[in-house]
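Numbering (the UniProt record's numbering), first residue to last: 1 to 169.
Written as structure tokens, this is what we have:
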């Protein structure tokens, strides 16, 4: 006789400890095993099997093992990705010498000095648009000024930067 969703959940509740122990033995981690069984439970609740299950415990064991394998593969992939990114970052950091870092800091300080010397409204419009990525129309609404004024303030800020700050490329 094929089981319904309720029969499957009942079997899961009845055999919960057995399922956790089955996964724990295979993957050597109690917390991991509990997480896997909970995932399967959620999966059954969210998306019950379309066809009836003849042997609920066999279905649950297979589902938990499959879910455990999927989680381990995902963890392994994530770990490899993170390690590769760390390796790239370390390579990049090795290539940066003290002179380059000092030069960058000096350029940044010069840029900040120019931005801080701008009139308040001009600086505010520049920072909102360039640094925070806010659209000019949103800036106009936020500051309660016309869109034309936002454009003028921004153009003046860009002109000020062009005249007072020249980074060497």
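A virtual CB, placed ideally from N, CA and C, is assigned to each residue, including glycine.
Using the Cβ count rule (16 or more neighbours within 10 Å means buried), how would you classify residue 22?
Position 22 of the chain shown, counted from the first residue, corresponds to residue 22. Buried is the call here.
Looking at the unbroken alpha helix (DSSP H) that takes in residue 31, where does it start and where does it end?
The count along the chain shown starts at 1 and reaches residue 31 at position 31. First-last of the alpha helix (DSSP H) with residue 31: 30-46.
Taking the CB atoms as reference points, tell me whether residue 59 and residue 9 lie closer together than 9 Å.
Mapped onto the chain shown, residue 59 falls at position 59. Mapped onto the chain shown, residue 9 falls at position 9. No, the pair does not count as a contact, with Cβ atoms beyond the cut-off.
Three-state secondary structure (DSSP) at residue 145?
Counting from 1 along the chain shown, the entry for residue 145 is found at position 145. In this structure, residue 145 counts as coil in the three-state DSSP scheme.
Pick from 12, 114, 105 and 18 that is closest to residue 53, judged by C-alpha positions:
Taking the first residue of the chain shown as 1, we reach residue 53 at position 53. Among 12, 114, 105 and 18, the Cα nearest to that of residue 53 is on 12.
Continuous alpha helix (DSSP H) stretch holding residue 107: start and end
Within the chain shown, numbered from 1, the residue matching residue 107 stands at position 107. Looking at the DSSP string, the run of the alpha helix (DSSP H) that includes residue 107 is 98-117.
Closer than 8 Å to a non-hydrogen atom of the ligand FAD - does that hold for the CB of residue 83?
With respect to the ligand FAD, the structure shown offers nothing to examine, as it has no ligands at all.
Helix, strand or coil, according to DSSP, for residue 133 in the structure here?
Here residue 133 refers to the residue found at position 133 when the chain shown is read from its first residue. The answer is coil: DSSP assigns residue 133 none of H, G, I, E or B.
Note down the Cα distance separating residue 156 from residue 164, rounded to an integer number of angstroms.
Residue numbering aside, residue 156 sits at position 156 when the chain shown is read from its first letter. Residue numbering aside, residue 164 sits at position 164 when the chain shown is read from its first letter. Using only the alpha carbons, I get a separation of about 12 Å.
I believe residue 178 touches residue 115 by the beta-carbon criterion, under 8 Å. Please report the beta-carbon distance rounded to the nearest angstrom.
It is not possible to answer for residue 178, since the shown part of the chain is limited to 1 through 169.
Straight-line CA distance for residue 160 to residue 119?
Start at 1 with the first residue of the chain shown, and residue 160 comes out as number 160. Start at 1 with the first residue of the chain shown, and residue 119 comes out as number 119. One C-alpha to the other measures close to 10 Å.
Quick one: grab the DSSP three-state call for residue 164.
The count along the chain shown starts at 1 and reaches residue 164 at position 164. Looking at residue 164 - three-state DSSP - the assignment turns out to be helix.
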